[in-house]
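Peer 1: Heads up: the protein sequence lines correspond to chains A and B, in order.
Following our numbering, the numbering of the first sequence begins with 45 at its first residue and continues without gaps.
Following our numbering, the numbering of the second sequence begins with 5 at its first residue and continues without gaps.
C-beta atoms are modelled at their ideal positions from N, C-alpha and C, and glycine is treated no differently.
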Amino acid sequence: MSIDDQHDLYERLDRAVGAITPRAAPVEGAMRRGRGMRLRRRSAVAAGVAAVVAAAVLAVPALRQATTRTPAAARYTVTVQAPGPHAPAGLIASGTVNGKSWQLVAGRPGTDGIPRGQEQIRVSGAAVGQTGLTAQVPALGPDGTAPVSFTGMSAMPTQVQFGAVQADVSYVTVRLGNGTVLTLHPARVYGARVVAFATPLGATVVSATAHSRQGDIATAIPFNDPGGMASFGTWLRPGQHGLARASGRIGSGSYLGGAWSATAYLGPWGACLEAEGGGTNVGSCVDTTSVSGLGTNVMFWAGGVPGVAGGSADASVVRIAVTSPDGKTVQVHPVMVGGVKFFAFPLSKGLRPWKWTAYDSSGKVVAAGTGTPDS
Amino acid sequence: MSVQLDGEFRDFMRARWPAMVRLAYVLTGDQGHAEDVAQTAFARAYASWPKVRRTGNPEAYVRRIVINENRNRFRKQRVAERLTDAPPESGTADATSQYDERSALIAALQRLGPRQRAVIVLRYWLGLTESEAAIELSCSVGTVKSQASRALASLRQSAELVDGGFQ
Numbered sequence: 045m046s047i048d049d050q051h052d053l054y055e056r057l058d059r060a061v062g063a064i065t066p067r068a069a070p071v072e073g074a075m076r077r078g079r080g081m082r083l084r085r086r087s088a089v090a091a092g093v094a095a096v097v098a099a100a101v102l103a104v105p106a107l108r109q110a111t112t113r114t115p116a117a118a119r120y121t122v123t124v125q126a127p128g129p130h131a132p133a134g135l136i137a138s139g140t141v142n143g144k145s146w147q148l149v150a151g152r153p154g155t156d157g158i159p160r161g162q163e164q165i166r167v168s169g170a171a172v173g174q175t176g177l178t179a180q181v182p183a184l185g186p187d188g189t190a191p192v193s194f195t196g197m198s199a200m201p202t203q204v205q206f207g208a209v210q211a212d213v214s215y216v217t218v219r220l221g222n223g224t225v226l227t228l229h230p231a232r233v234y235g236a237r238v239v240a241f242a243t244p245l246g247a248t249v250v251s252a253t254a255h256s257r258q259g260d261i262a263t264a265i266p267f268n269d270p271g272g273m274a275s276f277g278t279w280l281r282p283g284q285h286g287l288a289r290a291s292g293r294i295g296s297g298s299y300l301g302g303a304w305s306a307t308a309y310l311g312p313w314g315a316c317l318e319a320e321g322g323g324t325n326v327g328s329c330v331d332t333t334s335v336s337g338l339g340t341n342v343m344f345w346a347g348g349v350p351g352v353a354g355g356s357a358d359a360s361v362v363r364i365a366v367t368s369p370d371g372k373t374v375q376v377h378p379v380m381v382g383g384v385k386f387f388a389f390p391l392s393k394g395l396r397p398w399k400w401t402a403y404d405s406s407g408k409v410v411a412a413g414t415g416t417p418d419s
Numbered sequence: 005m006s007v008q009l010d011g012e013f014r015d016f017m018r019a020r021w022p023a024m025v026r027l028a029y030v031l032t033g034d035q036g037h038a039e040d041v042a043q044t045a046f047a048r049a050y051a052s053w054p055k056v057r058r059t060g061n062p063e064a065y066v067r068r069i070v071i072n073e074n075r076n077r078f079r080k081q082r083v084a085e086r087l088t089d090a091p092p093e094s095g096t097a098d099a100t101s102q103y104d105e106r107s108a109l110i111a112a113l114q115r116l117g118p119r120q121r122a123v124i125v126l127r128y129w130l131g132l133t134e135s136e137a138a139i140e141l142s143c144s145v146g147t148v149k150s151q152a153s154r155a156l157a158s159l160r161q162s163a164e165l166v167d168g169g170f171q
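(1) Is residue 78/A near residue 64/B, with beta carbons less than 9 angstroms apart?
(2) Strictly below 7 angstroms CB to CB, what residues from chain A border residue 198/B?
(3) In the segment 212-242 of chain A, which residue ranges form an unbroken beta strand (DSSP E) of at least 3 residues, counting only runs that do not cross its ends?
(4) Does any CB atom of chain A fall closer than 9 angstroms to the CB of residue 44/B?
(5) Is the shortest distance between the beta-carbon of residue 138/B and the beta-carbons of chain A less than 9 angstroms?
(6) Counting only the same chain and skipping the five closest in sequence on each side, list residues whose C-beta sits under 7 angstroms from that of residue 302/A.
(7) Can you look up residue 378/A in the DSSP assignment and give me helix, strand or coil?
(8) Residues of chain B with CB under 8 angstroms from residue 225/A, in chain order?
(9) Can a CB atom of chain A be found closer than 9 angstroms to the CB of residue 51/B?
(10) One question on the structure: do residue 39/B and residue 25/B come within less than 9 angstroms of each other, judged by their Cβ atoms?
(11) Among 192/A, 153/A and 163/A, which residue has its Cα nearest to the Cα of residue 182/A?
(12) So residue 204/A packs on residue 250/A, CB below 8 angstroms; how close in whole Å?
(13) Check whether the segment 8-25 of chain B touches the segment 59-77 of chain A, counting contact only when three or more Cβ pairs, one atom from each stretch, lie closer than 8 angstroms.
(14) Hey, out of 52/A, 329/A and 73/A, whose CA is closest to residue 10/B's CA?
(15) Under 8 angstroms, with one C-beta from each stretch per pair, do the segment 303-318 of chain A and the segment 284-292 of chain A reach the 3-pair mark?
(16) Taking Cβ positions only, does residue 71/B come closer than 9 angstroms to chain A?
(17) According to DSSP, is residue 47/A helix, strand or coil?
(18) So, does the segment 198-217 of chain A touch the segment 226-239 of chain A, judging by three or more C-beta pairs under 8 angstroms?
(19) Could you confirm whether any beta carbon from chain B is found closer than 9 angstroms to the beta carbon of residue 351/A?
(20) Would you mind stating whether residue 352/A and residue 413/A have Cβ atoms separated by less than 9 angstroms?
(21) Quick one: does residue 159/B have its CB under 9 angstroms from some CB of chain A?
(22) Hey, out of 69/B, 110/B and 43/B, whose CA is closest to residue 58/A's CA?
(23) In whole angstroms, what is the alpha-carbon distance linking residue 121/A and residue 383/A?
(24) Are the beta-carbon atoms of residue 248/A and residue 221/A separated by less than 9 angstroms?
(25) What does residue 30/B touch in chain A if you count any residue whose Cβ is under 8 angstroms from its own?
(26) For residue 18/B, which residues in chain A fall below 8 angstroms Cβ to Cβ?
(27) Listing by chain order, which chain A residues have their CB less than 7 angstroms from the CB of residue 34/B?
(28) Which residues in chain A have a C-beta closer than 8 angstroms to the C-beta of residue 109/B? List them in chain order.
(29) Kindly list the residues whose CB is nearer than 8 angstroms to the CB of residue 296/A, restricted to its own chain and excluding five residues on each side of it in sequence; keep chain order.
(30) For residue 46/B, which three-state DSSP category applies?
(31) Are the segment 223-232 of chain A and the segment 183-191 of chain A touching by the rule of at least three beta carbon pairs closer than 8 angstroms?
(32) If you count every other CB in all the chains shown that lies within 10 Å of the CB of residue 252/A, and 16 or more means buried, which is it?
(33) Checking contacts by CB at 9 angstroms: is residue 358/A closer than that to chain B?
(34) Output needed for residue 151/A: all residues of its chain with C-beta closer than 8 angstroms, excluding positions within five of it in sequence on either side, in chain order.
(35) Along chain A, in chain order, which residues have C-beta atoms closer than 7 angstroms to that of residue 178/B?
(36) Terminal residues of the continuous beta strand (DSSP E) containing residue 126/A?
Right, here's the structure in full:
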């Protein structure tokens, strides 16, 4: 290619894109979506035993099999130990669930073909089945200002929670529904300080509190979702109150011959939506302490037969027009739960984009967007 | 996240939003898709903002997400096309006769594969070196060279661009 060609191509590309006038930067919308992604990343590593979880933990809603809704375990015993001075490299923690052992190990970053910025986490032992579970997650490290960036792994019949802690965190206490209080001491793993614990899937995790040498830093009260996993979101500083607890069905029905439903849960963890459809259970949360902080946004798109999409709406929104890829439009009306408007609608399984537009009572567009159901 | 970090992110996104939408537009050929892709990229950047800002080059981080998002979108579309049972629409000339140089170039780019398109944009619009483009695309310099060569050959054979003087 000659220099003239290159210059010509540059000039043409520049002219082509110069004619584009983007709308104003949707900063607040991007931040809301980003907050949802943060929480999902902390909570969404869910997979079957022995599966290698795909790299795309980021921005993927937590998908669970609806057929395995897990009852809360009534009686159980759990223990946890931090690694000793002669522990193997990468060991984050070990312990027992109902007398069966587990251990959680991080792979050395950059080895075994793991891309830069990712890390392989492996949980093994009798508590998580014969072959254990391996997941690829973003490199361990503090995330934002959360004292602990918990991520959950569902390894039937056990859930394992792990996360990096901030520099000022000396230890973490976790209170469980059966009264047990676990004390987690951070292990130094490849430059990060990480804690972990495990419980039976379905056991209620009441709270986690991060402590510094000076006292309590913050407490997180997780959302214990219908799949039996705890989702850690909002961390409340001493004296700070989160959202009041409220829940309600925001949509249900039959579509494409299958039943679907969606439920909103507000509480000190923030706002979570859970939906069932097509044999799949999908959930997504936003960590917020204010009902006005949610805005109008679709929180998840999940394909299935039927699939479900759900989101929150600003108080001014009275209807959402949803247009399917084949051009059919239906009207969806938001439902108020705990002072927040939510909405949900069923989807077909597919890979083509759906459009949604939220309107206020005067017919003015409040927000709009597109989404593609997961296949 | 702290108020200070949020403020930094807001400033960053407002400053770089037009550039990222334009980049996404060249890659997707559709302004609506471009804005969706760009917003997703910024949302992902915000989700890891403390880490992203520590890289010292948050723009490169967002740019990489934009490129990857487009490649994912392309893969999904390709699968969807296989699944459809309706005959594809046949191509027709633009009835409004607004077939200008801009649409010719964008149309020609859309006929390239996503990686070739990304190489063209990185090398000949953003002016990255072959090494820099290889890092952005997580591939070898040799791959950048071969993809650029094939992409340019395709563009040279594009009837619209030949008519418009690119040969």
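Peer 2: Result, derived from the coordinates:
(1) Counting from 1 along the first sequence, the entry for residue 78/A is found at position 34. Counting from 1 along the second sequence, the entry for residue 64/B is found at position 60. Going by C-beta atoms, residue 78/A is not nearer than 9 angstroms to residue 64/B.
(2) Residue numbering for chain B in the displayed model covers 5 to 171; residue 198/B lies beyond these limits and cannot be assessed.
(3) 215-220, 225-228 and 231-233
(4) On the second sequence, position 40 is the one that residue 44/B refers to. True, the Cβ-Cβ gap to chain A drops below 9 angstroms.
(5) Your numbering for residue 138/B matches position 134 in the second sequence. With 9 angstroms as the cut-off, residue 138/B does not count as an interface residue toward chain A.
(6) Indexing the first sequence from 1 puts residue 302/A at position 258. Closer than 7 angstroms at the Cβ level, and outside the excluded window around residue 302/A, lie 321, 322, 349 and 350.
(7) Counting from one through the first sequence, the residue named residue 378/A turns up at place 334. Here residue 378/A sits in coil by DSSP.
(8) If you number the first sequence from 1, residue 225/A lands on position 181. In chain order: nothing, as chain B lies at least about 29 angstroms away.
(9) Looking up residue 51/B in the second sequence gives position 47. Cβ-Cβ to chain A under 9 angstroms: yes for residue 51/B.
(10) The residue labelled residue 39/B in the question sits at position 35 within the second sequence. The residue labelled residue 25/B in the question sits at position 21 within the second sequence. In contact: residue 39/B and residue 25/B (Cβ atoms closer than 9 angstroms).
(11) Translated into positions along the first sequence, residue 182/A becomes position 138. Out of 192/A, 153/A and 163/A, 163/A has the C-alpha closest to the C-alpha of residue 182/A.
(12) Within the first sequence, residue 204/A is the residue found at index 160, counting from 1. Within the first sequence, residue 250/A is the residue found at index 206, counting from 1. Residue 204/A to residue 250/A, Cβ: 18 angstroms. No contact.
(13) yes
(14) Sequence index remark: in the second sequence, residue 10/B carries index 6 (1-based). Residue 73/A is the option with its Cα nearest to residue 10/B.
(15) yes
(16) Here residue 71/B refers to the residue found at position 67 of the second sequence. Chain A, which has no Cβ nearer than 9 angstroms to the Cβ of residue 71/B, makes this no.
(17) Numbered from its first residue, the first sequence carries residue 47/A at position 3. With a pLDDT of 41 at residue 47/A, under the threshold of 50, the modelled position of this residue cannot be trusted; read the value that follows with caution. If DSSP states are grouped into helix, strand and coil, residue 47/A belongs with the helices.
(18) yes
(19) If you number the first sequence from 1, residue 351/A lands on position 307. Answer no: the Cβ-Cβ gap between residue 351/A and chain B never drops below 9 angstroms.
(20) For the purposes of this step, residue 352/A is identified with residue 308 of the first sequence, where counting begins at 1. For the purposes of this step, residue 413/A is identified with residue 369 of the first sequence, where counting begins at 1. Their beta carbons are not under 9 angstroms apart, which means residue 352/A does not touch residue 413/A by this criterion.
(21) Counting from one through the second sequence, the residue named residue 159/B turns up at place 155. True, the Cβ-Cβ gap to chain A drops below 9 angstroms.
(22) Walking along the first sequence from the start, residue 58/A turns up at place 14. Minimum Cα distance to residue 58/A is reached at 110/B.
(23) Here residue 121/A is taken as the residue at index 77 of the first sequence, counted from 1. Here residue 383/A is taken as the residue at index 339 of the first sequence, counted from 1. Whole-angstrom Cα-Cα distance: 39 angstroms.
(24) On the first sequence, position 204 is the one that residue 248/A refers to. On the first sequence, position 177 is the one that residue 221/A refers to. Yes, these two residues count as a Cβ contact at 9 angstroms.
(25) Translated into positions along the second sequence, residue 30/B becomes position 26. 57, 60 and 61, listed in chain order.
(26) Residue 18/B sits at position 14 when you count from the first residue of the second sequence. Those within 8 angstroms of residue 18/B in chain A are 69 and 71.
(27) Working through the second sequence from its first residue, we reach residue 34/B at position 30. Near residue 34/B there are no residues of chain A at all, since even the closest Cβ is about 11 angstroms away, more than 7 angstroms.
(28) The residue labelled residue 109/B in the question sits at position 105 within the second sequence. Those within 8 angstroms of residue 109/B in chain A are 56, 57 and 60.
(29) Mapped onto the first sequence, residue 296/A falls at position 252. If we look at residue 296/A and ignore the five residues flanking it on each side, its Cβ neighbours are 303, 304, 305 and 306.
(30) Residue 46/B sits at position 42 when you count from the first residue of the second sequence. Residue 46/B falls in the helix class under three-state DSSP.
(31) no
(32) Indexing the first sequence from 1 puts residue 252/A at position 208. Classification for residue 252/A: buried.
(33) Looking up residue 358/A in the first sequence gives position 314. Residue 358/A does not count as touching chain B.
(34) Residue mapping note: residue 151/A aligns to position 107 of the first sequence, counting from 1. Same-chain partners within the cutoff: 134, 158, 163, 164, 165 and 166.
(35) Missing from the structure shown is residue 178/B; chain B here goes from 5 to 171 and no further.
(36) Your numbering for residue 126/A matches position 82 in the first sequence. Where residue 126/A is concerned, there is no enclosing beta strand (DSSP E), given that its DSSP letter is neither H nor E.
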